[in-house]
Structures are given as structure tokens and as C-alpha cells.
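**Q** Sharing a structure with you now.
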Amino acid sequence: MAGTAQEPRRLKRNFGLLAVLGTILVIAGVVGLVYTGLATLTSMLLFGWLLLIGGLVGLVHAVQSRGSDYFWLAVVVAALNIAAGVVVIRHPQGSAEALTLFAALLFLTGGLFRLVGSLAVRGPQFGWTLFQGAVGLLLGILVLGNWPESSRYVLGLFFSLWLLFDGLGLIAIGVGGRRIVTMVTEPGPGEPGGPGDQGRVL
């Protein structure tokens, strides 16, 4: 019984932690939107460290599984991740310029393909696909037209927006989850502790 009674409290605490984490992410996203240059540098350093750590973990895993058919492929992939991580960490600004250029080309090609595909197929989602293609094409033109200056804020802007929306989602899950747990575990009429319970004598 004690474990059953503590389960709702544990769930509420977990959902509360999600809401707190979401609040932290929202604050970080807002700060990043204000200081996009700092957010770009932070995102590049974080990306570099993730590549480096992932490469080291992959290299250790490859060494542990040596003798397999994919040993050398795993070693090469891990070495490339380590090298890329070192380059990004040592040259975050240059890496940001390269990634911004790559993102602009992706926007351009993706938007162009969506536009052409929507005009050629004209399916049930014609209007939405056309709008997505136009937005992607416009973003690609804007980023590419102002490159490399755009590399100072584009990645930071996207990173901050991701933090902001992800944090809002966690807050919604945390608050909604706590309300659901409260509604489910709330004593009903006639139940001990609920409405109508007048301390009946057994």
C-alpha cells in the first residue's frame, strides 16, 4: 500500500522535473535569441565535442570488437569523427561558415524540389507543399546572399529556436502530466479522503 501511495508522488515529481528542465531550455533559448553570436559559438563547440566524444567511444567499441568484418570501417568512421571534432573545436567560426553554406544549399535544393514537385503532382497537400517550398527557397536565398556574414547568427538562431520550442514542449508535458496524475489519483465521492467521506465508523 505504501508503494502504491508513493507512486503518484513519484510521477508528479518526475513531471515536475520535466517542467523545470523545460523552463531552463526556454531561458537558454531566449538568451540565445538575444545573443545569436554567442549561441552560434556555443552550438559549434557543443557539436565539436559531441563529434569528438562520439568518435572516441566508437574507436573504443571498434577495438573491443576487433576481428569482425566491419572493424576497419568502424575505425575509419571513428577517426573521421575525432578529426572533425578537433577541427570544429579549434576553428568554430570557420566550421560555422561551412555548415551555414551547407544549410543554405539544403534550403535551396529542398525548396526547389518541393516547388517543382508540388506544381507537377498537385496532390491534396498542394498548397502546403508549395508554401514549404517557397519558404525553403527564400531562406536559402537569404542565407546564401548574406554569406559568410550570415554564419555568425544563422546557426545560433536555429539552435536557440530549437531550445525554445523543445523547452515549451517539455513544460507542456510536465504541467499536463501533473494535472492528469492529480485527476486520476484524486479520491472520488464516498472514498476515504474524498467528498462525502464523513469519517464513517466501522
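Mapping the sequence shown onto my numbering, position 143 (from 1) lands on 469, and the numbers just tick up by one. Each residue gets a CB set at the ideal place from its N, CA and C atoms; glycine is no exception.
1) Could you tell me if Tyr479 is buried or exposed, where buried requires 16 or more neighbouring beta carbons within 10 angstroms of its beta carbon?
2) Could you tell me which uninterrupted alpha helix (DSSP H) segments, each at least 4 residues in length, are contained entirely in the segment 441 to 499, listed from first to last along the chain?
3) How long is the line joining the alpha carbons of Thr426 and Gln419, rounded to whole angstroms?
4) So the candidates are Gly355, Arg339, Leu347; which of them puts its Cα closest to the Cα of Phe491?
5) Following the continuous alpha helix (DSSP H) through Arg416, name the residue where it begins and the one where it ends.
6) Return helix, strand or coil for Ser369, following the three-state DSSP convention.
7) Report the CB separation of Gly437 from Gly471 in whole angstroms; it is logged as a contact under 8 angstroms.
8) For a quick check, are the C-beta atoms of Leu463 and Leu434 less than 8 angstroms apart?
9) Pick from Asn340, Leu432, Leu372: whose alpha carbon is nearest that of Leu468?
10) Using C-beta distances below 6 angstroms, list every residue in its chain close to Leu456, excluding the 5 sequence neighbours before and after it, in chain order.
11) Please name the residue in Thr508, Leu494, Gly502, Ser486 whose C-alpha comes closest to that of Thr349.
12) May I have the straight-line CA-CA distance separating Ser421 from Val414, to the nearest angstrom?
13) Mapping DSSP to helix, strand and coil, what is Gly503?
14) How is Gly437 classed by DSSP in three states: helix, strand or coil?
15) Indicate whether Gly482 and Gly374 have their beta-carbon atoms separated by less than 8 angstroms.
**A** In this structure, then:
1) Locating residue 479 in the sequence shown gives position 153, where the first residue counts as 1. Counting C-beta atoms within 10 angstroms of its own C-beta, Tyr479 has 16 or more neighbours from the protein chains shown and is therefore classed as buried.
2) 452 to 471
3) As a working mapping, residue 426 is identified with position 100 in the sequence shown. As a working mapping, residue 419 is identified with position 93 in the sequence shown. Looking at the two C-alpha atoms, the distance is approximately 10 angstroms.
4) Taking the first residue of the sequence shown as 1, we reach residue 491 at position 165. Comparing Cα-Cα distances from Phe491 to each of Gly355, Arg339, Leu347, the minimum goes to Gly355.
5) For this step, residue 416 is matched to residue 90 along the sequence shown. Note, Arg416: alpha helix (DSSP H), 397 to 416.
6) Numbered from 1 along the sequence shown, position 43 holds the residue referred to as residue 369. For Ser369, the three-state secondary structure derived from DSSP is helix.
7) Looking up residue 437 in the sequence shown gives position 111. Looking up residue 471 in the sequence shown gives position 145. 14 angstroms between Cβ atoms; not a contact.
8) Position 137 of the sequence shown, counted from the first residue, corresponds to residue 463. Position 108 of the sequence shown, counted from the first residue, corresponds to residue 434. Against a cut-off of 8 angstroms, the Cβ pair of Leu434 and Leu463 comes out as a contact.
9) Here residue 468 corresponds to residue number 142 of the sequence shown, with the count starting at 1. Residue Leu432 is the option with its Cα nearest to Leu468.
10) The sequence position of residue 456 within the sequence shown is 130, counting from 1. For Leu456, where only same-chain residues beyond five positions count, the Cβ hits under 6 angstroms are Ser444.
11) Counting from 1 along the sequence shown, the entry for residue 349 is found at position 23. Measuring from the Cα of Thr349, the nearest candidate turns out to be Leu494.
12) Along the sequence shown, read from residue 1 onward, the residue named residue 421 stands at position 95. Along the sequence shown, read from residue 1 onward, the residue named residue 414 stands at position 88. So the two alpha carbons sit approximately 6 angstroms from each other.
13) Numbered from 1 along the sequence shown, position 177 holds the residue referred to as residue 503. Correct three-state label for Gly503: helix.
14) Taking the sequence shown and counting its residues from 1, the one referred to as residue 437 is at position 111. Reduced to three states, the DSSP call for Gly437 is helix.
15) Position 156 of the sequence shown, counting from 1, holds the residue named residue 482. Position 48 of the sequence shown, counting from 1, holds the residue named residue 374. Annotated as distal: Gly482 and Gly374, with beta-carbon spacing of 8 angstroms or more.
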